[in-house]
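The next block holds one structure in the form of structure tokens; read it before the comments.
Numbering (the numbering used here), first residue to last: 1 to 639.
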């Protein structure tokens, strides 16, 4: 029944719009029915005010703590490893060796909203799979001490059926990482997640919570093998799944399409100013639901109640455009033809059965001479997903990099498509290779100690192979003048996850001592920490940490901006202070990494208040800090 309110003009429902905006930014705060979960919202505003009793419909042990872990800041940094990098000056690709949750947190400042596609192949939660253990607490010792970082990697737990939190551990591990990964995706970004039938149902619910059920795209079925499996107790499982979820379906402007096969496209032989096409008859016998209308032919003949494959309105529009022609038959009848234009591509199918895991094993043998990695994914499989969902200059992220198939896939796409300059970011934990498996033994015999070593070496060899192929095909590309262009994109920078350069404040007063004694102990503690910073000071590493945490990406460039001369207080002679300019696309800042600032430097920035300036906190006394903050405001940043 209609109400009078249905006919009344109403202003915008601002509350509804605000809730829609909140859901777009934080879908994890809403239930699967789209209702705001006020308890989840309270946990964001004041985590200590909310009871740990879970009432949310999709619950598991440790969920609240996992969510808190995702949004606590990182006390780590990344340092450049030049020795293991390949052609770093001509490439924006990155391979990061380190625990992926901490790494994702560090990348979130610089790469938020910039990643177009994420592909991950996380642990499948089987008996011999390894799970990342997120046990750090930022208000006590911190991740680096709790996790017991060693030279060979981080602490890991195995999943066993006897563990009462078998599924919960796995979901907590993935939940924290997906929450941050969503922040890295662009609004039209997409994530693909490989999984098997053990956890696919949990993963689907997990993704609904993080991304919102309305952004689910597909559950691809990948036939990973053909034949074998006769030793299975019940059914030979030949497939795995790949979940596909977008960050925001409404941000996708065009349909996903893949190219047709060459054989199919041969029919499009004719071409006009718009596109290639072929002529096809409009009439179709046997149509279940033909569209019936009359058509007048050039001689005035009427084809009455013809059965056509398009609507009359569409026919008239095509006729006006010259896309319709009439052909007279021998019996003086007429055949109506229309132009069928070459399509942009065809829809991707939800079943992938042309690539198997044996292709991945062959790939490893071709690269290393042996199969030295358990269950790698074929690069051709990942290439299909990347090419489907990205364009020429997009960034692709894989934070469970494994053998490095994703990087291999990106470079293959760039090789096959001249206009493509896609870039990859890989993250792989430095996990010790398991010497109890045949592939692990092969890897150790080949000289590898950690999985991340394989990740890096694989793509180093892939690059060498591509360069050799290019040199054979076009040797003139590699002259001194053109070599840099020829190598563009064929390389990567390696970074390692390490402790922050800035000491953490972990001092706690001793209740057995007086206030005066505690103050003296605090002064001693601060002095020791400052000495620790000075003794381990590395200018480039410290600059990278500062810039990364201020939103500059890892491909920033540094150049000399100016040098200022002046007297250093308490020192004899003239000192030259270097001010660098750092650029990341359109973003830029001036930076000084000295342990002091000249008065001349202060005066310079008092006159250039619109430039962003970064320096060390320890380089400032109270007066200098006040002046810079007073004149420059938020453009002045001290670490």
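All residues carry an ideal CB built from backbone N, CA and C; glycine is no exception.
Just so it is clear, the structure is predicted and the values come from calculations on it, not from any experiment.
CB residue i to CB residue j, shorter than 9 Å?
| i | j | result |
| --- | --- | --- |
| residue 407 | residue 341 | no |
| residue 428 | residue 400 | yes |
| residue 396 | residue 96 | no |
| residue 545 | residue 596 | no |
| residue 383 | residue 357 | no |
| residue 94 | residue 426 | yes |
| residue 369 | residue 446 | yes |
| residue 334 | residue 324 | no |
| residue 594 | residue 615 | yes |
| residue 89 | residue 489 | no |
| residue 247 | residue 186 | yes |
Can you say whether residue i is buried or exposed, counting buried as having 16 or more other CB atoms within 10 angstroms of its CB?
| i | result |
| --- | --- |
| residue 387 | buried |
| residue 636 | buried |
| residue 16 | exposed |
| residue 145 | Confidence at residue 145 is low in this model, with a pLDDT of 41, below 50, so its placement is unreliable and the value that follows should be read with caution. Residue 145 is exposed by the Cβ-count criterion. |
| residue 201 | exposed |
| residue 122 | buried |
| residue 298 | exposed |
| residue 455 | buried |
| residue 20 | exposed |
| residue 194 | buried |
| residue 182 | buried |
| residue 332 | exposed |
| residue 389 | buried |
| residue 111 | buried |
| residue 105 | buried |
| residue 623 | exposed |
| residue 285 | exposed |
| residue 153 | Below a pLDDT of 50, predicted positions are generally treated as unreliable, and residue 153, at 41, falls in that range; the measurement from the model is reported next regardless. Residue 153 is buried by the Cβ-count criterion. |
What does DSSP give as the partner residue(s) for residue i in the beta ladder?
| i | result |
| --- | --- |
| residue 583 | 557, 588 |
| residue 461 | Note: residue 461 sits in no beta bridge, so no partner. |
| residue 577 | 564 |
| residue 260 | Its beta-bridge partners do not exist; DSSP assigns none. |
| residue 426 | 95, 398 |
| residue 279 | 339 |
| residue 181 | Paired residue(s): none; residue 181 is not in a bridge. |
| residue 119 | 192 |
| residue 80 | 495 |
| residue 432 | 450 |
| residue 351 | 221 |
| residue 271 | 276 |
| residue 30 | 36 |
Could you give the residue range of the beta strand (DSSP E) that holds residue i?
| i | result |
| --- | --- |
| residue 126 | Element bounds for residue 126: n/a, residue is neither H nor E. |
| residue 239 | 239-246 |
| residue 341 | 334-341 |
| residue 638 | 636-638 |
| residue 188 | 185-195 |
| residue 293 | 291-296 |
| residue 613 | 613-615 |
| residue 304 | 302-308 |
| residue 226 | Segment: none, residue 226 is in no beta strand (DSSP E) and carries neither H nor E. |
Just to check my reading of the structure: residue i and residue j have Cβ atoms closer than 8 Å, yes? What is that Cβ distance to the nearest angstrom?
| i | j | result |
| --- | --- | --- |
| residue 242 | residue 192 | 5 Å |
| residue 559 | residue 581 | 6 Å |
| residue 422 | residue 344 | 19 Å between Cβ atoms; not a contact. |
| residue 276 | residue 264 | So it is not a contact: roughly 12 Å between Cβ atoms. |
| residue 646 | residue 398 | Any answer about residue 646 is impossible in this case: the structure gives the chain only from 1 up to 639. |
| residue 590 | residue 618 | Contact doesn't hold; Cβ gap of about 18 Å is too wide. |
| residue 58 | residue 168 | That belief does not hold up - the Cβ atoms of residue 58 and residue 168 are roughly 12 Å apart, past 8 Å. |
May I ask which residues mark the beginning and end of the alpha helix (DSSP H) holding residue i?
| i | result |
| --- | --- |
| residue 65 | 63-70 |
| residue 221 | Here residue 221 belongs to no alpha helix (DSSP H); instead the beta strand (DSSP E) covers 216-223. |
| residue 41 | 38-45 |
| residue 604 | 599-607 |
| residue 440 | 438-445 |
| residue 326 | Not the alpha helix (DSSP H): residue 326 falls in the beta strand (DSSP E), residues 324-328. |
| residue 320 | 312-320 |
| residue 494 | Per DSSP, residue 494 belongs to no alpha helix (DSSP H); it is in the beta strand (DSSP E), 493-499. |
| residue 628 | 622-632 |
| residue 384 | 379-389 |
| residue 642 | In the structure displayed, the chain extends from 1 to 639; residue 642 sits before or after that span and is not available. |
| residue 366 | 357-368 |
| residue 411 | 405-416 |
| residue 593 | Counting along the chain, residue 593 falls outside any alpha helix (DSSP H), and DSSP gives it neither H nor E. |
| residue 200 | 200-211 |
| residue 108 | 100-111 |
| residue 545 | 539-549 |
Answer yes or no: does any C-beta atom of chain D fall closer than 9 Å to that of residue i?
| i | result |
| --- | --- |
| residue 284 | Reference to chain D is not applicable here, since this structure consists of a single protein chain. |
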